[in-house]
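J.: Just so you know, the sequence shown maps onto residues 40 to 210 in this note's numbering.
The following block contains the structure, expressed as structure tokens.
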Amino acid sequence: MYKYNAKVSLYGFTDADFGGDLDGRKSTSGFVFLCGDTSVSWCSKKQATVSLSTTEAEYKASTLAAQECIWLRRLLEDLFEPINKPVAIYGDNQSAIKLANNPVFHARTKHIELEHHFIREKVLDGTIEALEVRSEDNVADIFTKSLPKGQFELLRSKLGMVDKIKFKGEY
Numbered sequence: 040m041y042k043y044n045a046k047v048s049l050y051g052f053t054d055a056d057f058g059g060d061l062d063g064r065k066s067t068s069g070f071v072f073l074c075g076d077t078s079v080s081w082c083s084k085k086q087a088t089v090s091l092s093t094t095e096a097e098y099k100a101s102t103l104a105a106q107e108c109i110w111l112r113r114l115l116e117d118l119f120e121p122i123n124k125p126v127a128i129y130g131d132n133q134s135a136i137k138l139a140n141n142p143v144f145h146a147r148t149k150h151i152e153l154e155h156h157f158i159r160e161k162v163l164d165g166t167i168e169a170l171e172v173r174s175e176d177n178v179a180d181i182f183t184k185s186l187p188k189g190q191f192e193l194l195r196s197k198l199g200m201v202d203k204i205k206f207k208g209e210y
């Protein structure tokens, strides 16, 4: 049962494959946001440009997640109350997380389009917190690549999804 004075707990997971599209070698970004234990927003999207490294693909995915996070945060604040702490976004690539957390210019990433540094700005202003999660615990994996049945079912259950819902009148 929902209680109006309950604290809103928003957090997300992000992931990317690297060059998974066999035709154009573009990567796929994926993210999911949960409010408590309930998935409230998710996405799987092919990246617009080819990434030159796993770090770049994961960084682009993190930026996509950060954009959604800002929208969700504003929506939840309109519905409930201000969120007075950074929203955690978990990823499994240490280099991408370090890149998001470090506002210093990196010579090896100067080719990355400016729009992808949005997450860095949001980490710096305290809106988002970029944190690490073990790859096997990253539920956003389900949005970026095909998985073995057991792993798929485990991640699906962690997202609060079910195999099939029967509606009244269905057989």
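Positions of the beta carbon are idealized from the N, C-alpha and C atoms, including for glycine.
What you are looking at is a predicted structure, and each value in this text was computed from that prediction instead of being measured.
With V79 as the anchor, note down where its beta strand (DSSP E) starts and where it stops.
T.: Taking the sequence shown and counting its residues from 1, the one referred to as residue 79 is at position 40. Element bounds for V79: T77 to K85.
J.: Using only the alpha-carbon positions, how far apart do A87 and K161 sit?
T.: Indexing the sequence shown from 1 puts residue 87 at position 48. Indexing the sequence shown from 1 puts residue 161 at position 122. Roughly 22 Å separates the two Cα atoms.
J.: Please classify E95 as buried or exposed, where buried requires at least 16 neighbouring CB atoms within 10 angstroms.
T.: Mapped onto the sequence shown, residue 95 falls at position 56. When all chains shown are included, E95 counts as buried.
J.: Counting C-beta neighbours from all protein chains within 10 Å, is the total for L163 16 or more, i.e. buried, or is it exposed?
T.: If you number the sequence shown from 1, residue 163 lands on position 124. Classification for L163: exposed.
J.: Restricting to Cα atoms, I'd like to know which of D131, L194, S48 and L49 is closest to Y98.
T.: The residue you call residue 98 lines up with position 59 of the sequence shown. With distances taken between Cα atoms, Y98 lies closest to D131.
J.: Look at the Cβ atom of D76, then the Cβ atom of T67, and state whether they are nearer than 9 Å.
T.: To locate residue 76, count along the sequence shown from 1; it is residue 37. To locate residue 67, count along the sequence shown from 1; it is residue 28. It is not a contact, given that the beta carbons lie outside the stated cut-off.
J.: CB-CB under 7 Å to A135, same chain, minus the five flanking residues each way: which ones, in chain order?
T.: The residue given as residue 135 occupies position 96 in the sequence shown. Counting only Cβ-Cβ distances below 7 Å, and skipping sequence neighbours, we find T94, E97, Y98 and S101.
J.: Checking 9 Å against the spacing of the C-beta atoms, do F182 and G58 come in under that value?
T.: Residue numbering aside, residue 182 sits at position 143 when the sequence shown is read from its first letter. Residue numbering aside, residue 58 sits at position 19 when the sequence shown is read from its first letter. For F182 and G58, no; Cβs fall outside 9 Å.
J.: Does DSSP classify I122 as helix, strand or coil?
T.: Walking along the sequence shown from the start, residue 122 turns up at place 83. Coil, per DSSP.
J.: What is the rounded straight-line gap between the Cα of M40 and the Cα of E116?
T.: Indexing the sequence shown from 1 puts residue 40 at position 1. Indexing the sequence shown from 1 puts residue 116 at position 77. Note that M40 scores 49 on pLDDT, short of 50, meaning its location in the model is unreliable and no value can be drawn from it.
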